[in-house]
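In this note's numbering, the protein residues as written are 2 to 239.
The beta carbon of each residue, even a glycine, is placed where N, CA and C say it ideally should be.
Note that this is a predicted model, so its numbers are computed, not measured.
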């Protein structure tokens, strides 16, 4: 008798049913996944799928469940939440090696669900909220610090500006005084006496002020200079 058996060598999609696993830090979580596998392309591999294993699809799924528990048992909860790709790659490599004797090829594994217990979810949510609040407060504090630093720099800039302006004003005044002194030395040297005479004369003669001069008093020439005047002696003679 001749018996003809047909084997579909296309990739087959198989679900890994949800199951509880325990992480390295003793947290029980629920996980599931999907894998893709197919019989080998050569004749020997196809024979193995008939003679080395009774139901290769069921065998691959159960093997995946067992190895999935082992993979999550190697890492903590926090690590498992961010290591989907690493877990899937490790699981795919393990399954591919273990099913080689069955004439199978595991091409891909994906982890769909990682579901911690409700109390862990609540704690994680609180931790996340606290972390976000801490970051917000840190950002606000940094903003205030930077604003204070900018204000400090602005005050220093204003102080420097005022200092420079005061120096320039002082230098201007000093230069003006210097120019006045130089002009006085140049144009009024030797004329100070005459200037005082003119000032005294102006002061004496304004508002019809009367000035009485005697022979023993102030010499008229000191005040009046060359202004004509007449003096009376004690006897009334001019």
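Asked                                                                                                                      : Found
As assigned by DSSP and simplified to three states, the class of residue 18                                                : strand
Extent of the continuous beta strand (DSSP E) to which residue 114 belongs                                                 : 105 to 116
Neighbourhood of residue 8 by C-beta distance below 8 Å, restricted to the same chain and skipping five residues each side : 40, 47, 50, 51
Coil, strand or helix - residue 218 by DSSP                                                                                : In this prediction, residue 218 has a pLDDT of 49, which is less than 50 and means its spatial position is unreliable; nothing more can be read from the coordinates.
Local conformation of residue 97 per DSSP, three classes                                                                   : helix
Reference residue 55; option with closest CA among 100, 114, 158                                                           : 100
The alpha helix (DSSP H) enclosing residue 64, as first and last residue numbers                                           : 57 to 74
Rounded separation between residue 31 and residue 69 - CA only                                                             : 11 Å
Beta-bridge pairing of residue 34 - partner residues as DSSP gives them                                                    : 17, 112
Residue 44 - containing alpha helix (DSSP H), residue span                                                                 : 44 to 52
Cross-strand partners of residue 39 (DSSP beta bridge)                                                                     : 106
Where the alpha helix (DSSP H) through residue 80 begins and ends                                                          : 78 to 82
Contact under 7 Å by Cβ, residue 36 with residue 83                                                                        : no
Backbone secondary structure at residue 163 - three-state DSSP                                                             : helix
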